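Okay, so here's the structure we're looking at.
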Amino acid sequence: MSVFFVLLRRELASYFFSLTGYVVIAAITFLTGAAFEQLISGLVSDSSAVPLTQIFFMSFYFWMILLLTPPVITMRLFALEKSSGTYETLMTAPVGDLEVVAAKFAAAFLFYLTMWLPLLAGLFLVAHFTNEAGALDLGTLGGMVLGIVLAGGFFLSFGCLASAVSHTQMVAAMFSLAFGIVQFTVAYWVKSLPLTDTWQSQLWSCLNLFDQITDFSRGTVDTRALIFYLSATFLFLFLTLRVVEIRRWK
Amino acid sequence: MIEVSNLTKRYAGRTAVDDISFTVARGEIVGLLGPNGAGKSTTMRILAGFLPASNGTVRVAGFDIFHDSEEARRRIGYMPENNPLYPEMRVREYLKFRARLKGLGWRHSRERVTTVMEQCGLADMGRRVIGQLSKGYRQRVGLADALVHEPELVILDEPTIGLDPHQIRAVRALIKSLAGKHTVLNSTHILPEVEMMCGRVLIMFNGRVLASDTPENLQHRIAGGNQIVAEIAAPEAALNAAWENLAEVEHFDVSATGGDFFRCALTPRDGFDLRPVIFALACKNGWGLRELTRSHYSLEDIYVQVTKPKTEDQE
């Protein structure tokens, strides 16, 4: 267990002691700021009863963050170590493959959560200056955080897998970006399908990222979405572990 | 300490290591010598537990590197080729991280890091960022990393590559100082280095171990002992007759050097020292003697001899 924390600490330090980490945080602050501005102007022009979080989630900026940041955060995890050769020193130390994968994913995930902190500041600013008591409600806020956590875990775990199978950061980033784009395209396509009661239609709706996130932002937690995101995240992490282990196979 | 038996490593369509077996005893410094592409690095990566073998077994300190990988790796300090490090970290921070990763406790890792930094000449470098260090210092950081958890076995893949002569000397002295306390397996394609540092040499070529012995024994085995060279002023026929009559001379070659002197190259039987006999012969016959030397076969000669026929076959 101590090895996990030693690795986690190093991984986190490499985010916060490198320029990349701060560039990502700056870019996200800019995008959340832009989303916040859109949110405020939306609120001023239209005082309908749509929850604030939903306006944010439906903004173009939110999706941009969700699509672009996981590849940038995860691309270095394994690929950088492989291309610089430090993977060899890491894996010849007495560390378990599971500890390595878990520490790397945990570090990426913690960085991802840190990156969202400026959003909280924006939301509390709204809560402070608005007269409407229902503008920010704990249920919708909780749903929003859950949505960010689940969707983040989903894309970051795929990023881990992409980084583990690639030898350069660029390939890893391309791979996970392509996955994000495919996921978005499928979600867009599924959204346009007529909803029926057939099992196929139900299955496809699992991939409808947009409606799932909208549900979360309304404060509705759909267990199907919850199970889908959690199991997909674990599947990708399991595959990452297998990829790391392959090296030791005869 | 190391027991390698029938180790084979195949990559797609290519055999990098071909059925090699050897053992290394505790406290030995062994040099793995061979040209580029001989299979040295692959062998070391398998020994360090980074790559699996296609066939055969490797045991380090009694632990199978494949089945008891973590236990075996706990006992190995490995410095890969090109010595990869995290350039953004500071020297002390990096060594501390590595020590903790290798299972040392918080306090113990602090003590060990201080010790290895002194041992490797890094005492004043703790706060320096690794990416800004010279190659020599980076190499020392790599060595310090390999030693930080007091491993029983230290595996160093080309530890002196790319260093200037002063740095090479410092690194060699450091490796030599490890004898007795640690078992060291170190690879190189620089011949004098092995002669200077290692008690035993393994010569690898095309994935096979062609020779394994001390540098001295290799000289005896391959060159049949030392050659004696004598330059003597005497009639050529008399010299030829004298060497033929000497039972201790296995092979001789007499050639004119100009003037009255002849150069005699003599190979003694069973490492016999011919020099007193030659001197006595010259005195008895009143021959002039102007040179009497024993030539050493260097490891380079042995190496060329061992690897030559196969190189030519390949070409």
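Residue numbers (our numbering), protein chains in the order written: chain A, 48 to 297; chain B, 979 to 1293.
Virtual Cβ for every residue (Gly too), placed ideally from N, Cα, C.
Quick caveat, the model's predicted, so the values are computed rather than measured.
Taking the DSSP output, what are the residues bridged to residue i?
i	result
B/ALA1234	B/PHE1240
B/LYS1113	BP columns for B/LYS1113 are empty, so no partner.
B/ILE1181	B/LEU1011 and B/ALA1189
B/PRO1246	B/VAL1227
B/ILE980	B/VAL1002 and B/VAL1038
B/ALA1215	In DSSP, B/ALA1215 forms no bridge with anything.
B/THR1271	B/VAL1207
B/ARG1068	B/VAL1107
B/GLY1266	B/ALA1211
Whose CA, out of the options, lies closest to the CA of residue i?
i	options	result
B/ARG1272	B/ARG1253, B/GLY1109 and B/ALA1219	B/ARG1253
B/LYS1113	B/LEU1082, B/THR1235 and B/LEU1063	B/LEU1063
A/ILE228	A/PRO117, A/TRP163 and A/GLN216	A/PRO117
A/LEU254	A/SER61, A/SER264, A/GLY132 and A/TRP236	A/TRP236
A/PHE205	A/THR267, A/THR215, A/PHE152 and A/PRO165	A/PHE152
A/VAL147	A/PHE158, A/TYR134, A/TYR159 and A/LEU157	A/TYR134
B/VAL1107	B/TYR1072, B/VAL1207 and B/ARG992	B/TYR1072
A/LEU137	A/PHE176, A/VAL53, A/LEU157 and A/MET122	A/VAL53
A/GLU292	B/THR1020, B/GLY1009 and B/GLY1027	B/GLY1027
B/GLU981	B/THR993, B/ALA1157 and B/ILE1024	B/ILE1024
B/LYS1074	B/MET1095, B/ASP1191 and B/PHE1250	B/MET1095
B/LEU1224	B/VAL1282, B/ILE1146 and B/THR1245	B/THR1245
B/ASP996	B/ASN1014, B/LYS1018, B/ARG1004 and B/VAL1008	B/LYS1018
A/LEU127	A/ASP269, A/TRP296, A/GLN247 and A/ALA209	A/ALA209
B/VAL1282	B/MET1182, B/ARG1037, B/LYS987 and B/VAL1119	B/MET1182
B/HIS1229	B/ALA1243, B/LEU1217, B/GLY1236 and B/GLY1237	B/ALA1243
A/PHE109	A/ILE260, A/SER49 and A/SER131	A/ILE260
A/LEU308	A/PRO241, A/ARG265, A/VAL71 and A/MET111	No information on residue 308 of chain A is available, as it lies outside the stretch 48 to 297 that chain A covers here.
B/ASN1263	B/ASP1231, B/LEU1217 and B/ARG1247	B/LEU1217
B/ILE1168	B/ILE1139, B/VAL1119, B/ARG1178 and B/GLY1015	B/ILE1139
A/LYS154	A/MET122, A/PRO165 and A/VAL268	One point to set straight first is that residue 154 of chain A is Ala, not Lys, in the sequence displayed. Minimum Cα distance to A/ALA154 is reached at A/MET122.
B/ASP1296	B/ALA1003, B/LEU1270, B/MET1067 and B/LEU1196	For chain B, the structure presents residues 979 to 1293; residue 1296 of chain B sits outside this window and is missing.
A/TYR159	A/PHE63, A/TYR276, A/LEU284 and A/THR177	A/PHE63
B/VAL1284	B/LEU1188, B/GLY1266, B/VAL1255 and B/SER1233	B/LEU1188
B/ARG1037	B/ASN984, B/ASP1191, B/MET1067 and B/GLY1012	B/ASN984
B/VAL1255	B/ASP1231, B/ILE1206, B/LYS987 and B/THR1235	B/ILE1206
B/GLY1005	B/ARG1178, B/PHE1257 and B/LEU1259	B/ARG1178
B/ARG1076	A/GLU84, A/ARG271, A/ALA219 and A/ARG56	A/ARG56
A/LEU240	A/SER252, A/PHE231 and A/TRP246	A/SER252
A/ARG289	A/ASP144, A/PHE171 and A/ALA174	A/ASP144
Check the C-beta distance from residue i over to residue j and give it rounded, since I have them as a contact under 8 Å.
i	j	result
B/LEU1111	B/ALA1124	Their Cβ separation, rounded to whole angstroms, is 17 Å, which puts B/LEU1111 and B/ALA1124 out of contact at 8 Å.
B/TYR1056	A/THR139	5 Å
A/ALA198	A/THR287	Not a contact, Cβ separation roughly 18 Å.
B/MET979	B/LEU1131	6 Å
B/ALA1039	B/ARG1053	5 Å
B/GLY1081	A/PRO141	6 Å
B/THR1166	B/GLU1194	About 19 Å; that fails the 8 Å criterion.
A/THR100	A/THR187	5 Å
B/PHE1239	B/ALA1211	5 Å
A/PHE226	A/LYS238	That belief does not hold up - the Cβ atoms of A/PHE226 and A/LYS238 are roughly 19 Å apart, past 8 Å.
B/VAL1126	B/VAL1091	6 Å
A/PHE202	A/LEU113	7 Å
B/ASN1061	B/GLN1117	6 Å
B/ASN1184	B/ALA1016	7 Å
B/VAL1162	B/ILE1007	4 Å
B/CYS1098	B/LEU1152	6 Å
A/ILE12	A/TRP163	The structure shown does not extend to residue 12 of chain A, since chain A spans only 48 to 297, so no value can be given for it.
Would you check whether the ligand PLP has a heavy atom nearer than 7 Å to the C-beta of residue i?
i	result
A/LEU113	Only the bare structure without any ligand can be found here, which leaves the ligand PLP out of the picture.
What residue ranges within the stretch 985 to 1065 of chain B form continuous beta strand (DSSP E) runs of no fewer than 3 residues, ordered along the chain? Listed in chain order, they are 992 to 1002, 1007 to 1011, 1033 to 1038 and 1054 to 1057.
Whole beta strand (DSSP E) elements within the stretch 1107 to 1170 of chain B, 3-residue minimum: Here the runs fully enclosed are 1131 to 1135 and 1161 to 1166.
Which residues, taken in chain order from the stretch 1076 to 1092 of chain B, show a beta carbon closer than 8 Å to some beta carbon of chain A? Answer set for the stretch 1076 to 1092 of chain B: ARG1076, ARG1078, LEU1079, LYS1080 and GLY1081.
Against chain B, which members of the stretch 145 to 167 of chain A pass a CB distance test of less than 8 Å? Listed in sequence order: no entries.
Interfacial residues, the stretch 1103 to 1117 of chain B to chain A, with Cβ spacing under 7 Å: So the list is empty, because no residue satisfies the distance condition.
Pull out every residue of the stretch 1056 to 1071 of chain B whose Cβ sits closer than 9 Å to any Cβ of chain A, in chain order. Residues TYR1056, MET1057, PRO1058, GLU1059, ASN1060, ASN1061, PRO1062, LEU1063, TYR1064, PRO1065, GLU1066, MET1067 and GLU1071.
With a floor of 4 residues, list each alpha helix (DSSP H) that falls wholly inside the stretch 145 to 197 of chain A, ordered by position along the chain. Counting only runs of 4 or more, we get 164 to 176.
Select from the stretch 241 to 271 of chain A all residues with a C-beta closer than 9 Å to any C-beta belonging to chain B, and list them in chain order. Cβ contacts with chain B come from no residue of the stretch 241 to 271 of chain A.
Proximal residues, the stretch 112 to 141 of chain A versus chain B, C-beta separation under 9 Å: Going along the stretch 112 to 141 of chain A in chain order, one finds GLU128, SER131, GLY132, THR133, TYR134, GLU135, THR136, LEU137, MET138, THR139, ALA140 and PRO141 with a Cβ nearer than 9 Å to chain B.
Taking Cβ-Cβ distances below 7 Å as the criterion, which residues of the stretch 214 to 236 of chain A are in contact with chain B? The residues in question: there are none.
To be precise: take each residue of the stretch 63 to 75 of chain A, compare its Cβ to all Cβ atoms of chain B, and keep it if any distance is under 7 Å. Which residues remain? Answer in chain order: PHE64 and SER65.
What are the residues of the stretch 1017 to 1030 of chain B that lie near chain A, defined by any Cβ-Cβ distance shorter than 8 Å? Under the 8 Å Cβ criterion, the stretch 1017 to 1030 of chain B contributes ARG1023, ALA1026, GLY1027, PHE1028, LEU1029 and PRO1030.
With 7 Å as the C-beta to C-beta threshold (strictly closer), list the residues of the stretch 1205 to 1224 of chain B near chain A in chain order. Those would be none; no residue qualifies.
Quick check for students: name the residue ranges of the alpha helix (DSSP H) that lie wholly in the stretch 63 to 130 of chain A, counting only runs of 4 or more. Counting only runs of 4 or more, we get 66 to 92, 99 to 104 and 107 to 121.
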